[in-house]
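Student: Under mature numbering (1 follows the signal peptide of the UniProt record, and there is no 0), the residues of the sequence shown are numbered -22 to -1, 1 to 195, in order. Virtual Cβ for every residue (Gly too), placed ideally from N, Cα, C. Just dropping this structure here.
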Amino acid sequence: MKMKKIRLSMLLLGAWPVIALAATNASGVENRSDEAMPKSGASVSSEAAAMPGAMKGMNMQGMNMQGMDMSVVATNAASAPHASVHADADADASSTGNPGKATVATQNVEITMDDSMRFTPDVIHVQPGQTIRFVLINRGQIKHEMTIGSMAELKEHEKMMAAMPDMPDGAEPNMVAVPPGGKGELIWRFGKPGTVDFACTMPGHMEAGMVGKILVE
C-alpha cells in the first residue's frame, strides 16, 4: 500500500510541468483574444471624433454635388456681370443714337483733326432721327480718332484704349481711327433730342481738350 502512494506521488510530480505549460498557453490565448476583440466606449468615441478631421482633408471641389453641373453654374455666374455691361452699353446707345446706314445718310459733316488736340468744328447741329455721315480728316502727324457716346462712356473707352493700345481700328461701331494724313468715315443715326458727346479717346488726347458736342434738336 505504501509503495502505491509513492508511485502516485511520482506520477503527479512528473505531470506537473505539463499542466503548468498548458495553463500558461491557455492564458496567452485568452489575452490575445481580448486584444483582437474590438473595444467599446472611449476607443469607439475617439475613432468617431476623428471622422470630421478626415472629411476636412477631402478635396470637395471636384465633386458633382447631387448631380449638379457646377461648370454651368460657374459659367452663368461669370456671365452675369458681362451681360450687365452690355445692357448698360445698349442703354447708352439708345440715348446717344445708333450706327447708321450709308444709304440713308442725309448729310455729310466734315471734321478736321490735328495735333493741337482739337476738332474743327467741335459743335455740330443735327435733327432727331437724322443719319449723318461724318468725314474725318487727320491733318496731324499722329493718329487721332473720333468716338461718339455719353461722357461716361467716352471715359470708359479711354481707359480701354490705354489698357489695349493695339486694339484694331474701328473695333467699335461708334468710333473711327484715322492715321496721320488719312481720312475716315463714321455713319451715325441720332435719336431723341439732347446732347451727344464725341472725343478722341487716344490716351491723353481727351484730357488735352480734344472733345466736341452734337446738339440733337
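In the DSSP assignment, find the unbroken beta strand (DSSP E) run with Lys161 in it and report its ends.
Tutor: Lys161 to Arg167 is the span of the beta strand (DSSP E), which, as asked, contains Lys161.
Student: In the DSSP assignment, the beta strand (DSSP E) including His103 goes from what residue to what residue?
Tutor: Val101 to Val104 is the extent of the beta strand (DSSP E) around His103.
Student: Can you tell me whether DSSP reads Asp12 as helix, strand or coil?
Tutor: Bear in mind that a pLDDT of 46 at Asp12, under 50, signals an unreliable position, so the model cannot answer this.
Student: Roughly how many whole angstroms lie between the Cα atoms of Asn76 and Arg167?
Tutor: 5 Å
Student: Taking the Cβ atom as the reference point for each residue, do Arg111 and Ala155 lie within a distance shorter than 8 Å?
Tutor: no
Student: What does a CB cutoff of less than 6 Å around Val189 pick up in its chain, not counting 5 residues either side in sequence?
Tutor: Within the same chain, Val189 has close Cβ partners Ala177.
Student: Over the uninterrupted beta strand (DSSP E) stretch that includes Glu123, give me the two end residues.
Tutor: His122 to Gly127
Student: Closest to His103 by CA distance: which of Met180, Ala140, Leu164 and Gln85 is it?
Tutor: Gln85
Student: Could you name the residues of the same chain whose beta carbon sits closer than 6 Å to that of Glu185, not counting the 5 residues immediately before and after it, in chain order?
Tutor: none
Student: Apart from the five residues just before and just after Thr74, which ones in its own chain have a Cβ nearer than 7 Å to its Cβ?
Tutor: Cβ neighbours of Thr74 within its own chain (closer than 7 Å, five residues either side excluded): Ile126, Gly127, Ser128 and Val174.
Student: Going by beta carbon distance, what residues of the same chain come within less than 6 Å of Thr98, once the five residues before and after it are set aside?
Tutor: Thr90
Student: May I have the straight-line CA-CA distance separating Glu123 from Gly78, to the nearest angstrom?
Tutor: 18 Å
Student: Is it buried or exposed, Glu195, if we count other Cβ atoms within 10 angstroms and call 16 or more buried?
Tutor: exposed
Student: Tell me which residue opens and which closes the beta strand (DSSP E) that Gly172 is part of.
Tutor: Gly172 to Ala177
Student: State the Cα-Cα distance for the pair Ile165 and Glu150, rounded to the nearest angstrom.
Tutor: 12 Å
Student: Quick check on this structure: which residue in Pro181, Glu134, Lys170 and Val101 has the alpha carbon closest to the alpha carbon of Ile120?
Tutor: Pro181
Student: For Met142, is the classification buried or exposed, using 16 other Cβ atoms within 10 angstroms of its Cβ as the cut-off for buried?
Tutor: exposed
Student: Taking the C-alpha atoms as reference points, what is the distance between Gly107 and Gly169?
Tutor: 5 Å
Student: Just the C-alpha distance for Asp100 and Val87, rounded to the nearest angstrom, thanks.
Tutor: 11 Å
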